[in-house]
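>
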Amino acid sequence: MATYETFAAVYDEIMDDSLYDKWTAFSLRHLPKQTRTLLELACGTGIQAVRFAQKGYEVTGLDLSYEMLELAQKKAEAAGVMMELAQADMMALEGVGDFDAVTCYSDSLCYMADEEAVLRVFEGVHSVLHAQGVFLFDVHSIYQMAEVFAGYSYHENYEDFAFVWDTYEGERAHSIVHELTFFVKDEENEEERFIRRDEVHEERTYPIETYMNLLKQAGFTSVEVFADFEDQAPTETSQRWFFKAVKA
């Protein structure tokens with residue numbers, strides 16, 4: 011699994027801010043009005059978690075990366091909101107708390123190694139949700155993996171860093187590998203020089219039916235599927251699938 015050490019430092023620069031508006035809007039449409047406590051899995055640098063806190067939810071942000079959580083704390087302070095932060099693996103949610111809702115966006119579930127790992131996340135989420143609690147998450151579609159990401163390449167230069175992002179088909183079904191090379195300015199050196207960092211990120215998705223079956227195995231009885239931030243059923247060319255699972 012990628013460490014995200016360098017990625018954490020530049021994550022906000024390369025993310026499309028408009029996506030957070032869409033994740034927030036989707037969530038507000040699908041979270042029950044009585045929702046008070048919310049767990050944001052794989053919260054990263056906290057942008058989405060802060061937005062939830064600004065909407066009045068009692069938010070806990072969870073991430074495996076300490077570097078990401080440091081940035082999340084700074085964002086919460088800058089925004090003047092309170093939220094709990096927990097460094098943990100989302101496959102092991104014991105002791106994190108109990109919640110009215112759990113969210114997991116930005117295709118974070120696609121970083122799970124296999125179906126067993128995805129099931130462990132689903133079981134953990136089910137265990138921390140209150141009765142009638144809602145689990146919202148998104149994943150890449152198979153179309154996105156095969157047609158959009160195949161051969162994807164993106165290069166960008168900023169004042170303090172540059173990066174090269176290349177994506178190619180993975181060895182396993184419906185998987186891709188992101189190869190990222192960063193050139194980050196060395197702040198501790200008086201000379202104008204950059205340090206190179208390389209990271210590899212692998213993502214994998216599954217047919218909708220697989221996600222549905224895994225959710226049911228985890229104990230969810232009501233599951234709906236949408237696509238591309240809209241309240242519409244997926245099509246053959248949908249790029250991002252959204253799931254809403256309710257605990258009975």
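In my numbering, the protein residues as written are 11 to 258. All C-beta atoms, glycine included, are put in the ideal place defined by N, C-alpha and C. Everything numeric in this text was worked out from a predicted model, so none of it was measured.
Decide yes or no for the touch test of the segment 166-182 against the segment 56-75: beta carbon pairs closer than 8 angstroms, at least 3 of them.
No, because fewer than three Cβ pairs between the segment 166-182 and the segment 56-75 fall closer than 8 angstroms, the two stretches do not touch.
> For Val91, collect the residues of the same chain with a Cβ closer than 7 angstroms to its Cβ; drop the 5 residues on either side in sequence, then sort them by chain order.
The answer, listed in chain order, is Val60, Ala63, Gln64.
> Among the candidates Asp31, Lys85, Met100, Ala86, whose CA atom is the shortest distance from the CA of Leu49?
Ranking the options by Cα distance to Leu49, first place goes to Met100.
> Near Leu74, what residues of its chain come up, given a Cβ to Cβ distance below 6 angstroms and the 5 sequence neighbours on each side ignored?
Asp99.
> Along the chain, where does the alpha helix (DSSP H) containing Glu125 start, and where does it finish?
Unbroken alpha helix (DSSP H) run through Glu125: 125-138.
> Tell me whether Cys114 sits in a helix, a strand or coil according to DSSP, three-state version.
Strand, per DSSP.
> What would DSSP say about Tyr162, mapped onto helix, strand or coil?
Coil.
> Could you check which residue in Phe253, Ala172, Ser185 has the C-alpha nearest to that of Ala156?
Of Phe253, Ala172, Ser185, the residue nearest in Cα terms is Ser185.
> Where DSSP assigns a beta bridge to Ser185, which residues make up the other side?
BP columns for Ser185 point to Arg214.
> Can you have a look at Met11 and say buried or exposed, based on whether 16 or more other CB atoms are within 10 angstroms of its CB?
Note that Met11 scores 38 on pLDDT, short of 50, meaning its location in the model is unreliable and no value can be drawn from it.
> Cβ of Cys120 within 9 angstroms of Cβ of Thr220?
In this structure, Thr220 does not lie closer than 9 angstroms to Cys120 by Cβ.
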